[in-house]
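**Student:** Below you will find the structure I want to go over with you.
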Amino acid sequence: MDNKTKAIDTPFRHADAYGSLSMPVYHTCAFEFDTAQQMSEVFSGRVLEPDYSRTMNPTVTYFEDKVTAITGAQTTIAFNSGMAAISNTLLATASSGQNIITSRHLFGNTYALLSKSFARLGIEARFVDLTDIEATAKSIDDNTACIYLEIVTNPQLEVADLKALSTLAHSHNIPLIADSTILPFTEFSGKALGIDIEVVSSTKYLSGGATSLGGLSIHYGSFPDITKTMMTEMLFNFGAYMTPHAAYMQSIGLETLHARYKVQSSNALTIATSLAQNTHVLKVGYLGLSSNQYHTLAREQFGPTAGAMVTFDLDSQEQCFRFIDNLRLIRRATNLFDNRSLAIHPYSTIFVNFSPEEKAKMDVLPTTIRLSIGLEDPTDILADIEQALEKI
Ligand SMILES: *Cc1c(COP(=O)(O)O)cnc(C)c1O
């Protein structure tokens, strides 16, 4: 069955009493049992049924089942934000005294999680160039817990060779864990690329209209101990499971993802192509442009569409601010892959709490603007960009 169909027609685990077409929102904390024996079976984990919504809820399970069907995963666990999915997955993987191999090209909060929060717990982050397989291999030792990366980094748009990293990780018996927020898992097979666990901020493409925060930890079954720790330890003890209302909205968002993604990617390509020809613009970052250094590798790994994130560089931070201040249609906001187009200056916002030296190491530049291209007519988006560029 095609992913578009699975996004809509994945069956419920139990028939709905009223024949509801969409999965109802089970807004309840606890579930009742007929007998003490049944209750004990569920609490012991021998029977998988919900007892308490901190660890299982039918609306969330349905959302997880859709993601599992689409990705071909073995288990999907939904969290109440992308950061919750990332922190819980990595905490289930690495213990004090171990290290995580990763890159400096990371989402701002993930970088801070690894460099600050995990450092306090005695988990070391080793920042290497993951596009250099030899350098990555040298950084691995007996205490390495995993290799962690973003399949397309935000905002640098770097793409590493996932199969090579997967082979390397597996030769050390450690998992390759990848954040696939920037290109949706409906478009490519993380499993075929050798990813063991995918983490996703479902706040972005899945929720669509930016209705709700959410995160996913998608397990392909190759590291069952981690999966088990997450199901039996993380959900219970850390308590960051997705809420039923968010799962309801994101499940509906997932149904239309394919259609939205197609239009947003096509709009983004139009905008990136036009920006590349604009004399005010020094540089454009978009994987769909054949001039992009990662264009071929991205196509091989993720298919022909390149998503809705576009970056471009102007002369100075002052020019970037003037551009943003003069926008009339595109919204001045963080977030990605909303139905509406958004603009942000990552250097002074998402990365504002890092020192200039740290930002230089992360390749986060004061001259870069990040756009998330929405579903508006591309002519209107372009007209807004062009009039704002005239005023810089
Ligand atoms: C937004 C984002 C996150 C964090 O997700 P939240 O849902 O905001 O917690 C993690 N990784 C990437 C690549 C993101 O863009």
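Residue numbers (our numbering): 105 to 496.
Yeah, the Cβ is synthetic: ideal placement off N, Cα and C, and Gly gets one too.
1. Looking at C-beta atoms only, is the number of pairs between the stretch 255 to 271 and the stretch 231 to 243 that lie closer than 8 Å three or more?
2. Give every residue of the same chain whose Cβ lies closer than 6 Å to the Cβ of leucine 386, excluding the five residues on either side of it in the sequence, and list them in chain order.
3. Is methionine 338 a contact residue of ligand 1, with contact defined as CB to any heavy atom under 7 Å?
4. Please classify alanine 487: is it buried, with 16 or more other beta-carbons within 10 angstroms of its beta-carbon, or exposed?
5. Going by the C-beta, is asparagine 258 closer than 7 Å to any heavy atom of ligand 1?
6. Could you tell me how far apart the beta carbons of isoleucine 205 and serine 243 are, in whole angstroms, since I believe they sit closer than 8 Å?
7. Please go through the same chain and pick out, in chain order, the residues whose beta-carbon is closer than 7 Å to the beta-carbon of asparagine 531, but skip the five residues on each side of it.
8. Could you check what DSSP says for serine 148 in three-state terms: helix, strand or coil?
9. Cysteine 133 by DSSP, collapsed to three states: which one?
10. Alpha carbons only, please: which of Arg444, Arg364, Gly312 and Asn430 is nearest the one belonging to tyrosine 352?
11. Within the same chain, show all residues whose beta-carbon is closer than 6 Å to that of alanine 350, passing over the 5 residues directly before and after it, in chain order.
12. Looking only at DSSP bridge pairs, what is alanine 182 linked to?
13. Considering only their Cβ atoms, is the gap separating serine 270 from glycine 294 smaller than 8 Å?
14. With a 10 Å radius around its C-beta and 16 neighbouring C-beta atoms as the bar for buried, classify glutamate 494 as buried or exposed.
15. Distance check for aspartate 138 and arginine 224, CA to CA, integer angstroms please.
16. Buried or exposed: which applies to serine 306, given that a residue is buried once 16 or more other Cβ atoms fall within 10 Å of its Cβ?
17. For aspartate 169, report the span of its alpha helix (DSSP H) as first-last.
18. Exposed or buried, proline 328, counting other C-beta atoms within 10 Å across all chains shown (16 or more means buried)?
19. In its own chain, which residues sit with a C-beta less than 7 Å from the C-beta of leucine 358, not counting the 5 before and 5 after it?
20. Between the beta-carbon of methionine 346 and the beta-carbon of phenylalanine 222, is there less than 8 Å?
21. Assuming methionine 335 and threonine 193 are in contact, meaning their beta carbons sit under 8 Å apart, how far apart are those beta carbons, in whole angstroms?
22. From Pro482, Met413 and Asn443, pick the residue whose C-alpha is nearest to that of threonine 472; which is it?
23. Is it true that the CB of isoleucine 255 sits closer than 8 Å to the CB of alanine 296?
24. What is the DSSP secondary structure of methionine 338, reduced to helix, strand or coil?
25. Do valine 303 and alanine 177 come within 8 Å of each other at the CB atom, strictly closer than that value?
26. At a cut-off of 7 Å, would you count glutamate 254 as near ligand 1, judging by its Cβ distance to the nearest heavy atom?
27. Excluding the 5 residues flanking serine 161 on each side, which residues of the same chain have their C-beta closer than 7 Å to its C-beta?
28. Taking 7 Å as the line, does the beta carbon of phenylalanine 327 fall inside it for any heavy atom of ligand 1?
29. Determine the extent of the beta strand (DSSP E) in which aspartate 283 is found, giving its start and end residues.
30. Alpha carbon to alpha carbon, how far is isoleucine 434 from cysteine 424? Give it in angstroms, no decimals.
31. What do you reckon, is the C-beta of phenylalanine 211 under 7 Å from a heavy atom of ligand 1?
32. For threonine 285 and asparagine 107, which I take to be in contact (beta-carbon distance under 8 Å), what is that distance rounded to the nearest angstrom?
33. Near glutamate 145, what residues of its chain come up, given a Cβ to Cβ distance below 7 Å and the 5 sequence neighbours on each side ignored?
34. Please identify the residue among Ile428, Asn258 and Gln381 whose C-alpha is closest to the C-alpha of serine 207.
**Tutor:** The relevant details are as follows:
1. yes
2. Asp417
3. no
4. exposed
5. yes
6. 5 Å
7. The structure shown does not extend to residue 531, since the chain is modelled only from 105 to 496, so the question has no answer here.
8. coil
9. coil
10. Gly312
11. Ser316 and Gly318
12. Leu320
13. no
14. exposed
15. 46 Å
16. buried
17. 162 to 175
18. exposed
19. Ala111, Lys170 and Leu310
20. no
21. That belief does not hold up - the Cβ atoms of methionine 335 and threonine 193 are roughly 12 Å apart, past 8 Å.
22. Met413
23. no
24. helix
25. no
26. yes
27. This sequence places asparagine at residue 161; serine is not what is there. Closer than 7 Å at Cβ, skipping near neighbours: Tyr130, Pro154 and Pro348.
28. no
29. 280 to 283
30. 14 Å
31. yes
32. Their Cβ separation, rounded to whole angstroms, is 17 Å, which puts threonine 285 and asparagine 107 out of contact at 8 Å.
33. Val151
34. Asn258
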